[in-house]
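Here the structure is laid out as C-alpha cells; the discussion comes afterwards.
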Amino acid sequence: MANKPSIPKGTRDFLPEQSLKRQFIFDTARKVFQQFGFVPIETPAMENLDTLLGKYGEEGDKLIYKILNNGDFLAKASEERLAAKDSQSVAFEISDRALRYDLTVPFARFVVQNQNELSFPFKRYQIQPVWRADRPQKGRYREFYQCDVDVIGSNSLLNEAELLCIVDEVFTNLGLNDVRIRINNRKILSGIAASAGMSEHFQSMTVAIDKLDKIGPEGVKEEMLRNGLPEAGVKKVLNLLKLKGEPVATLKMLAGAVVGSEEAYKGIDEVKAVLKALPEAVREKVELDLTLARGLNYYTGAIIEVGHDDFPSSICGGGRYDDLTGIFGLKEMSGVGVSFGADRIYDLMEEKGLFPETLKAASQVLFVNFGKEKVMSAIRTAADLRTEGLSAEVYPDEAKMKKQMKYANDKGVHFVVIIGEEEHKTKMVTVKDMLSGDQNSVAKKDLVSFINDKLS
RNA sequence: GUGGUUGUAGCUCAGUUGGUUAGAGCGCCUGAUUGUGGUUCAGGAGGUCGUGGGUUCGAGACCCAUCUUCCACCCCA
Numbered sequence: 072m073a074n075k076p077s078i079p080k081g082t083r084d085f086l087p088e089q090s091l092k093r094q095f096i097f098d099t100a101r102k103v104f105q106q107f108g109f110v111p112i113e114t115p116a117m118e119n120l121d122t123l124l125g126k127y128g129e130e131g132d133k134l135i136y137k138i139l140n141n142g143d144f145l146a147k148a149s150e151e152r153l154a155a156k157d158s159q160s161v162a163f164e165i166s167d168r169a170l171r172y173d174l175t176v177p178f179a180r181f182v183v184q185n186q187n188e189l190s191f192p193f194k195r196y197q198i199q200p201v202w203r204a205d206r207p208q209k210g211r212y213r214e215f216y217q218c219d220v221d222v223i224g225s226n227s228l229l230n231e232a233e234l235l236c237i238v239d240e241v242f243t244n245l246g247l248n249d250v251r252i253r254i255n256n257r258k259i260l261s262g263i264a265a266s267a268g269m270s271e272h273f274q275s276m277t278v279a280i281d282k283l284d285k286i287g288p289e290g291v292k293e294e295m296l297r298n299g300l301p302e303a304g305v306k307k308v309l310n311l312l313k314l315k316g317e318p319v320a321t322l323k324m325l326a327g328a329v330v331g332s333e334e335a336y337k338g339i340d341e342v343k344a345v346l347k348a349l350p351e352a353v354r355e356k357v358e359l360d361l362t363l364a365r366g367l368n369y370y371t372g373a374i375i376e377v378g379h380d381d382f383p384s385s386i387c388g389g390g391r392y393d394d395l396t397g398i399f400g401l402k403e404m405s406g407v408g409v410s411f412g413a414d415r416i417y418d419l420m421e422e423k424g425l426f427p428e429t430l431k432a433a434s435q436v437l438f439v440n441f442g443k444e445k446v447m448s449a450i451r452t453a454a455d456l457r458t459e460g461l462s463a464e465v466y467p468d469e470a471k472m473k474k475q476m477k478y479a480n481d482k483g484v485h486f487v488v489i490i491g492e493e494e495h496k497t498k499m500v501t502v503k504d505m506l507s508g509d510q511n512s513v514a515k516k517d518l519v520s521f522i523n524d525k526l527s
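Residues in the first sequence are numbered consecutively from 72, following the working numbering.
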C-alpha cells in the first residue's frame, strides 16, 4: 500500500448491507410512484453547462460541478481572461458540460426536447444521483440521490393534492410516521411582500423568513434590515407571519390582513383548494406554514417541504413552477413536483433503526461443496430450489467444511445443505438450520417442501 | 467560499510535561474438532501513528502546509 486509494470528498462507497437498505428506499418510493400512474425516465449525468447555469441562483451556480473540456482547451481560451486569472470567466471558456445539480431542470429540458413524444399531462418519476460542490456535513453530500415525481402540463391543483398523498404514502411505507409535512404558497408570500411594499426585495425576503424557526423573529428582522429592506415593511411581514395554527382559520385571518393584494388572495384560494382535495387522513397531517419559503426561485405556486424533528435539514421538498420550460422555449407548461432526498432519509432511518431486519438475508440456502461428482448433485439440487422460488448457492471451492459453514454464517444464510459421501449413497441430504442449529436428514426429493415448511 | 474540528492495527479507541522494542477491546488467521458455523479454550499475524516539510540530541505528541472527517455559516435533498 504505497498510496492508499481514496474517493473524492463527500462521496461514499456502499457495502452490501447499506446498498440493500438504499434499495429498500428506492423500491418503496418507486412502488408508490407507479401506483399513482407515474412513469420512469432517465437523463444523462452531465448536461450542457448553459442548460444548468442561472437556474439555481448565484449560489447555485457556484456549486455546479463543471467538466473540463477535452482536447487542447487552453489554446482556444482567451489570453486576456487566462492572464487575468479570473476563474469565473475562464471556467466558461474551458468547460461546456457540467454534472446535473438536480433532476428538475434536466426534466424541464427533457420535456421541451421530447415534447412530441410525450402526451400531457406528463407524470414522470426519476431516481438518479445529482452532484453539488457543497461542503459536506451532516445530511449533506457531494453525490446524492434524489427521487423526483413531477407532473407537467397541468394547472390543476389536484396534482398538488396527489403529490401530498404520495409524500404521505412513501413515508408511511418507510415506517417514518412522525415526519412534518409543511406547505405554503409563493403567491401568498409574494402578496405579503407587495402589501408590505417590498416586492422588489422578494428574493431576499423569502431567504430571510425561511430561517424564522431557526434564528427567530429578531434574527430574521436583523437579516432583512441588513439587506436593505425598509423597516416598516419588515415589521409588517413579521406580524403577518405570526399567524399559524389551523389552516383554514389562518388563511381567513391572513386574507383580512393583506387587503387588496390580488396575488395573495389567489395564493390563499389555491391552498384552500389543495387542502380541500386531500383525503381527511392526509389533510390532518399537513401543516400550513407561512414562513416556508424555499430558496429555489423557480417556484411560483405551492411549495412543499418535509422535515423531521430529529433531523437538521429537510428530507423532501418541492413545489409548482409555472415557467421552467419557458427558458428552453416551451411556454404555457406548468409543472409541480417533489423530490425525496434518499440519502437524508437513509441517515434518518438508520438513526431511528427503521430498516426491516429481513433486508440482510442473502441466499436462503447454501450447498456445501464436497468436490467432483458430489458437487454436481448439489448444483442440480440448487437449480431445483431456484425453480421453486428459493434462493440458493453452491460454495464454489472444495474448501474445509468449517470454512464453508463460516461463510454461510457470516452471510446470514438460513439453511446449509450437505451432500457428501454418506448422503450421496443414500439419496438423502443433511439440512442444517443455521438459526436454530437443528440438523435433519431428509430425502432429496423432499428438500423443497422441508425448507418451505420451516420457512412458513 | 468563511470559521472551527478530526485523523494511531480491518473497526472503536487509549497513549502522562516531547524520552527505549506504540497498547486495549472487538474483528481476522491457526489449532482443540482432517463432515459442522454461531458459543468456549489455546496460540498467532497485523501499525513507516493521514501525507509532506520543519523544530529538537530525540516527535505519535510541538510548528507549517496539504488531504480527509465532522460541525457552524452560506445555501440546500
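The beta-carbon is built from N, C-alpha and C at its ideal position, and this holds for glycine as well.
All of these numbers come straight from a predicted model, not from anything done at the bench.
- For the beta strand (DSSP E) assignment, the uninterrupted runs of no fewer than 3 residues enclosed by the stretch 208-252 are, from N- to C-terminal side, 214-223.
- Taken in chain order, the whole alpha helix (DSSP H) runs of length 4 or more contained in the stretch 281-356 are 283-297, 302-311, 318-328, 333-348, 351-354.
- The beta carbons of LEU139 and ASP132 sit no closer together than 7 Å.
- SER512 carries a strand assignment under DSSP once its states are collapsed to helix, strand and coil.
- The three-state secondary structure of PRO200, taken from DSSP, is strand.
- Inter-residue distance for MET499 and SER527 is about 23 Å (C-alpha atoms, whole angstroms).
- In this structure, PRO177 keeps its C-beta atom at 7 Å or more from the C-beta atom of ARG168.
- SER410 is bridged by DSSP to ASP219, GLY388.
- The shortest C-alpha to C-alpha distance from THR114 to any of ASN185, ALA514, ALA267, GLN435 is the one to ASN185.
- Taking ARG213 as reference, the option from LEU145, VAL241, GLY412 with the minimal CA-CA separation is GLY412.
- When rounded, the separation of the alpha-carbon atoms in ALA454 and ASP205 is 49 Å.
- Counting C-beta pairs with one atom in each stretch, the stretch 361-372 and the stretch 268-281 have three or more that are closer than 8 Å, which means they touch.
- Apart from the 5 residues on each side of it in sequence, PHE399 sits with its Cβ closer than 7 Å to the Cβ of ALA179, ARG180, VAL183 in its chain, given in chain order.
- In this structure ALA154 is exposed. Its beta-carbon is surrounded by fewer than 16 other beta-carbon atoms within 10 angstroms.
- A direct Cα-Cα distance of roughly 14 Å separates VAL330 from LYS258.
- Here LEU283 has VAL291, THR362 as same chain residues with Cβ atoms under 6 Å from its own Cβ, once five neighbours each way along the sequence are excluded.
- Of LYS80, VAL436, LYS313, the smallest CA-CA separation from ASN523 is found for VAL436.
- In this model, LEU359 and GLY378 are separated by some 13 Å (Cα to Cα).
- Residue burial is scored here from C-beta neighbours: LEU145 has fewer than 16 other C-beta atoms within 10 angstroms and is therefore classed as exposed.
- When DSSP reads this structure, SER166 sits in a beta bridge with LEU139.
- Counting of Cβ neighbours within 10 angstroms places ILE286 among the exposed residues, the total staying below 16.
- Looking at the DSSP output, LEU461 shares a beta bridge with no other residue.
- Segment contact: the stretch 333-343 against the stretch 297-309, fewer than three CB-CB distances shorter than 8 Å; contact not assigned.
- Ranking GLU302, ARG297, GLU289 by CA distance to the CA of LYS313 puts GLU289 first.
- DSSP places VAL484 in the coil class of the three-state scheme, outside both helix and strand.
- Taking the Cα positions, LEU229 is about 21 Å away from LYS402.
- DSSP places ALA146 in the uninterrupted alpha helix (DSSP H) bounded by 144-147.
- Check the Cα spacing between PRO192 and each of PRO207, GLU164, SER225, GLU341: the tightest is with SER225.
- Counting every other CB atom within 10 Å of its CB across the protein chains shown gives ILE386 a total of 16 or more, marking it as buried.
- PRO87 and ASP98 have their C-alpha atoms spaced approximately 16 Å apart.
- The three-state reading of DSSP puts GLU113 in coil, since its state is none of H, G, I, E or B.
- Per DSSP, GLY372 is not a residue of any alpha helix (DSSP H), being assigned neither H nor E.
- Between VAL439 and GLN475, the gap from beta carbon to beta carbon is short of 7 Å.
- Around the beta carbon of VAL487, 16 or more other beta carbons lie within 10 angstroms, which makes this residue buried.
- Here DSSP, grouped into helix, strand and coil, assigns ILE78 to coil.
- Here ALA116 has LEU170, ARG171 as same chain residues with Cβ atoms under 7 Å from its own Cβ, once five neighbours each way along the sequence are excluded.
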